[in-house]
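Below: one structure, written as structure tokens.
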Amino acid sequence: MTKQTKMDLRLQELMVFDAILSNGSITAAAAALGITQSGVSKQLKSLRRYFGDELFVRSGRGMAATNKALSIAPQISTLISSFEALKGEIEFNPEEIQRDFVISTTDEIQHILLPRLISRIGDESPQSRIIFKVLERDYAARQLESGSVDLAITLNWHVPEHLKQRRLFSDDFVVIYRRGHPLQGRKLTLKRYLAASHMMVSPLGNVFGPIDEILASYGHRRFVSLATPYFMQVADALTNSDLVLTLQRRACEELIKAHPLTITELPLKVRPADYFLFWHKRYDKDSTNQWLRQVCYEILHA
Numbered sequence: 144m145t146k147q148t149k150m151d152l153r154l155q156e157l158m159v160f161d162a163i164l165s166n167g168s169i170t171a172a173a174a175a176l177g178i179t180q181s182g183v184s185k186q187l188k189s190l191r192r193y194f195g196d197e198l199f200v201r202s203g204r205g206m207a208a209t210n211k212a213l214s215i216a217p218q219i220s221t222l223i224s225s226f227e228a229l230k231g232e233i234e235f236n237p238e239e240i241q242r243d244f245v246i247s248t249t250d251e252i253q254h255i256l257l258p259r260l261i262s263r264i265g266d267e268s269p270q271s272r273i274i275f276k277v278l279e280r281d282y283a284a285r286q287l288e289s290g291s292v293d294l295a296i297t298l299n300w301h302v303p304e305h306l307k308q309r310r311l312f313s314d315d316f317v318v319i320y321r322r323g324h325p326l327q328g329r330k331l332t333l334k335r336y337l338a339a340s341h342m343m344v345s346p347l348g349n350v351f352g353p354i355d356e357i358l359a360s361y362g363h364r365r366f367v368s369l370a371t372p373y374f375m376q377v378a379d380a381l382t383n384s385d386l387v388l389t390l391q392r393r394a395c396e397e398l399i400k401a402h403p404l405t406i407t408e409l410p411l412k413v414r415p416a417d418y419f420l421f422w423h424k425r426y427d428k429d430s431t432n433q434w435l436r437q438v439c440y441e442i443l444h445a
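Per our numbering, the sequence shown starts with residue 144, numbered consecutively.
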């Protein structure tokens, strides 16, 4: 190693390395770390001098890791994890924290979690902020890997080995519609359910979801006349129409507290939805992340 490369590696440089590796581009790495692209480029230049290797080279619109980068990646990940664990050893007091807590989850979980989380954070960590990001399952792992979110809350899924998880609760599916709906007061049979006009909450605008897959397996289909990406539009849509919505019970129970809606049982056997809390293993022993996980667990597990 030349004199020019004899320098101490800084944590920020290691974080930049990890972010580029996880996100595949300087632009995405900068966004994940909350710094400028020029800042990422400067840190990458320093890393290249230190290791005597390009580390990442242009490939299409992104950056591809060199063999050298791939060989040192596990050690760098370990160093970052060790630093996070060391930070966790420092006496933890949430009242003294001044930071953003970033949670990636679905609209309906936000609706359940947000009021009580605001209260808890306000009481226990008043200098901190809560930031919710819309969860997209295809990108949830990448968000956690890059550190752009602290936690993800979603249905159970096959997670990479570097992510940790904790089960929160199981939730069965019910049907919700407005009070005074033609179906109210009548037993909701499968025939009546299939004859109704349905709405779906779908971030990607899909009109064929898990319920439709189950119906199709029995040779049935329903008509979805409205799909919305936002859970907050559900109440207005239902109260002003004869639409029905099939959704998890807890979210529906929150809706009927504030809107003239009613719940009935789904005339179809559907496996309950299992919700989990996910985080990156590098933050497993981090006191701040542990505290946030416990707060979310206590709110949602109750």
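Glycine included, C-beta positions come from ideal geometry on N, C-alpha and C.
Report yes if the CB atom of residue i is closer than 9 Å to the CB atom of residue j, and no otherwise.
i, j, result
"Leu390", "Glu279", "no"
"Ser289", "Ala162", "yes"
"Ala208", "Leu222", "no"
"Met342", "Val292", "no"
"Leu298", "Ser340", "no"
"Phe160", "Leu187", "yes"
"Val367", "Asp379", "no"
"Val317", "Glu397", "no"
"Ala175", "Gln253", "no"
"Leu294", "Arg436", "yes"
"Leu443", "Ile296", "yes"
"Phe421", "Ala283", "yes"
"Pro410", "Leu347", "no"
"His305", "His423", "yes"
"Pro403", "Thr382", "yes"
"Thr431", "Ile240", "yes"
"Asp385", "Arg321", "yes"
"Ile215", "Phe194", "yes"
Can you tell me which residues form a DSSP beta bridge with residue i?
i, result
"Ala208", "Phe199"
"Glu408", "Val317"
"Val245", "Ile274"
"Ser225", "In the DSSP output, where bridge partners are listed per residue, Ser225 has none listed."
"Ala370", "Met343"
"Thr297", "Phe419"
"Thr389", "Val318"
"Gln308", "Phe421"
In whole angstroms, what separates the C-alpha of residue i from that of residue j?
i, j, result
"Arg204", "Ser168", "8 Å"
"Pro269", "Glu238", "6 Å"
"Ala171", "Asp266", "34 Å"
"Leu152", "Phe244", "28 Å"
"Ser393", "Thr405", "Per the sequence shown, residue 393 should be read as Arg rather than Ser. Using only the alpha carbons, I get a separation of about 13 Å."
"Ser189", "Ile274", "32 Å"
"Phe312", "Thr249", "15 Å"
"Pro303", "Gly182", "29 Å"
"Ala359", "Arg335", "16 Å"
"Ile357", "Tyr373", "23 Å"
"Arg425", "Met375", "34 Å"
"Ser202", "Ser220", "23 Å"
"Ser184", "Ala173", "9 Å"
"Gln433", "Arg259", "18 Å"
"Asn349", "Tyr361", "21 Å"
"His363", "Glu441", "39 Å"
"Ala401", "Gly177", "38 Å"
"Gly352", "Asp196", "47 Å"
"Leu257", "Val344", "19 Å"
"Ile399", "Phe419", "24 Å"
"Leu154", "Asn210", "22 Å"
"Cys395", "Leu333", "20 Å"
Does residue i pass the burial test, meaning 16 or more other C-beta atoms within 10 Å, or should it be called exposed?
i, result
"Ala338", "exposed"
"Met144", "At Met144 the pLDDT is 40, less than 50, meaning the model places this residue with poor confidence; the figure from the coordinates comes in the next sentence. Met144 should be labelled exposed."
"Val377", "buried"
"Val200", "exposed"
"Val277", "exposed"
"Ile261", "exposed"
"Thr179", "exposed"
"Met206", "buried"
"Arg329", "exposed"
"Ile156", "Reading off the sequence, residue 156 comes out as Glu, not Ile. Buried: at least 16 other Cβ atoms inside 10 Å."
"Asp429", "buried"
"Arg310", "exposed"
"Arg365", "buried"
"Leu164", "buried"
"Leu326", "buried"
"Asn166", "buried"
"Lys146", "Residue placement at Lys146 is poorly supported in this model, since its pLDDT is 42, which falls under 50; the coordinates are not used for a value here."
Give the C-beta separation of residue i and residue j to the nearest angstrom, bearing in mind that I take them to be a contact with Cβ-Cβ under 8 Å.
i, j, result
"Asp417", "Lys307", "Actually they are not in contact, since the Cβ atoms of Asp417 and Lys307 sit about 16 Å apart, beyond 8 Å."
"Val438", "Arg263", "5 Å"
"Phe242", "Ser224", "In the sequence as presented, Phe is not what sits at residue 242; that position holds Arg. Contact flag wrong, Cβ pair sits at about 19 Å."
"Pro415", "Asp315", "5 Å"
Return yes when at least one heavy atom of the ligand SAH lies under 8 Å from the C-beta of residue i, else no.
i, result
"Ala339", "With respect to the ligand SAH, the structure shown offers nothing to examine, as it has no ligands at all."
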